[in-house]
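Read the sequence shown against UniProt numbering and you will find it ends at 249, with the numbers running on by one and no gaps. In this text, a Cβ means the ideal position worked out from N, Cα and C, and glycines have one as well. All figures in this text were calculated on a predicted structure; none of them were measured in a lab.
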Amino acid sequence: MTSKVVIVTGASKGIGAAIVAWLLGQSHKVVVTARSEAPLQALKKSHPGQVEYLAGDITDPSMAEKLVELAVKSFGKLNGLVINHSLLQINKLGSASLEEIKRVFDVNVFSGISLINAALDELRNTKGSLVWVSSGAANMSLAAWGTYASSKAAVNAILAHYAVEEPGVCSIAINPGIVDTDMQATIRDQGKASMYRAEHENFVAVFKTGGLLKPEQPGSVIAKLAVEPTKGLSGKFLSWDSPELATFR
Numbered sequence: 001m002t003s004k005v006v007i008v009t010g011a012s013k014g015i016g017a018a019i020v021a022w023l024l025g026q027s028h029k030v031v032v033t034a035r036s037e038a039p040l041q042a043l044k045k046s047h048p049g050q051v052e053y054l055a056g057d058i059t060d061p062s063m064a065e066k067l068v069e070l071a072v073k074s075f076g077k078l079n080g081l082v083i084n085h086s087l088l089q090i091n092k093l094g095s096a097s098l099e100e101i102k103r104v105f106d107v108n109v110f111s112g113i114s115l116i117n118a119a120l121d122e123l124r125n126t127k128g129s130l131v132w133v134s135s136g137a138a139n140m141s142l143a144a145w146g147t148y149a150s151s152k153a154a155v156n157a158i159l160a161h162y163a164v165e166e167p168g169v170c171s172i173a174i175n176p177g178i179v180d181t182d183m184q185a186t187i188r189d190q191g192k193a194s195m196y197r198a199e200h201e202n203f204v205a206v207f208k209t210g211g212l213l214k215p216e217q218p219g220s221v222i223a224k225l226a227v228e229p230t231k232g233l234s235g236k237f238l239s240w241d242s243p244e245l246a247t248f249r
């Protein structure tokens, strides 16, 4: 496969790091971003010529343009954008402040729109892929998950509209499943105070019984989607292990 260039957000750990590892292993080039600079520096040092990075707050209005400019300046093009970063707030809507709710939407929704709009010209030129990591929570109603779940439902709706409006770009929302990441640790550690007991215990049980996915499982599927545009999937919200993605696993 010809080397592709992909921007990956939330790339310092978890699913993001797994996505990047697969891309680098296939000789693709990546521009990575996260709040923590040290792991991004280490990644660039260990893969000379394949990695560029920009550390910072993804909600900073200048980040989107800077990331796209970095990709084009460093590697000459942009073939894929993976929006992987996310913020989970476990807090019942009735007790959450408006500022707390806005912060989740700034991270989970509006920063993603900013990234897409900044990248569209380049993705049109390469007939590239846009992959937005969503969540199964988008289709669920769990106590204390209203802000996060509704932000992911918004992601799915927004992504579907990009697919209609930008037919030359393959746009897909992915449910990565229940993955062994820091987010799951947060749910187990902090969820008990606000979630219903049975729902919280379900998350704990999945962890204790070894049911969590490894980041590499959905990560490799997401990475392949970023470099192998499949127009028949554009506009869909799919689970990483759905039949439609069998050839990507």
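- The beta-carbon separation of Leu43 and Leu54, rounded to 12 Å, does not stay under the 8 Å limit for a contact.
- Runs of alpha helix (DSSP H) with 4 or more residues, each lying fully within the stretch 30–115, are found at 37–46, 63–75, 98–105, listed in chain order.
- Cα atoms of Glu244 and Ala38: separation of roughly 37 Å, rounded to the nearest angstrom.
- In the displayed model, Ser239 falls within a strand according to three-state DSSP.
- The beta-carbon distance between Ala138 and Lys152, rounded to whole angstroms, is 4 Å. This is short enough to meet the 8 Å contact definition.
- Check the Cα spacing between Ala205 and each of Met63, Lys236, Gly168, Ile178: the tightest is with Ile178.
- CA-to-CA, the gap between Leu70 and Ala11 works out to about 16 Å.
- With 16 or more neighbouring CB atoms inside 10 Å of its own CB, Pro229 falls in the buried class.
- Listed as beta-bridge partners of Ala173 by DSSP are Trp132, Phe237.
- For Thr186, the uninterrupted alpha helix (DSSP H) segment begins and ends at 182–190.
- For Val8, the enclosing beta strand (DSSP E) covers residues 5–9.
- Thr33 is classed as buried because its beta carbon has at least 16 other beta carbons within 10 Å across all chains shown.
- Secondary structure of Leu213 (DSSP, three-state): strand.
- If you draw a straight line from the Cα of Gly14 to the Cα of Leu213, it comes to about 11 Å.
- Taking 9 Å as the cut-off, the beta carbon of Ala21 is found no closer than this to the beta carbon of Pro218.
- Distances from the alpha-carbon of Glu52 to those of Val8, Asn202, Val164 put Val8 closest.
- Check the Cα spacing between Ser242 and each of Val221, Gly25, Gly235, Lys231: the tightest is with Val221.
- Given a length threshold of 3 residues, each whole run of the beta strand (DSSP E) inside the stretch 118–166 is given here in chain order: 129–133.
- Here the alpha carbons of His47 and Ser114 stand approximately 28 Å from one another.
- Closest option to Phe110, judged by alpha-carbon separation, among Leu81, Ile158, Leu93, Leu142: Ile158.
- Taking each of Arg197, His200, Asn84, Gly210 in turn and checking the Cα distance to Val155, the smallest one comes out for Asn84.
- Put simply, of Gly235, Gly168, Gly210, Trp145 the residue whose alpha carbon is nearest the alpha carbon of Thr186 is Trp145.
- The C-alpha of Ala96 is placed about 19 Å away from the C-alpha of Met183.
- Sequence-distant Cβ neighbours of Ser27 in its own chain, meaning closer than 6 Å and more than five residues away, are Ser3.
- In the DSSP annotation of this structure, the continuous segment of the alpha helix (DSSP H) that includes Arg197 starts and ends at 197–208.
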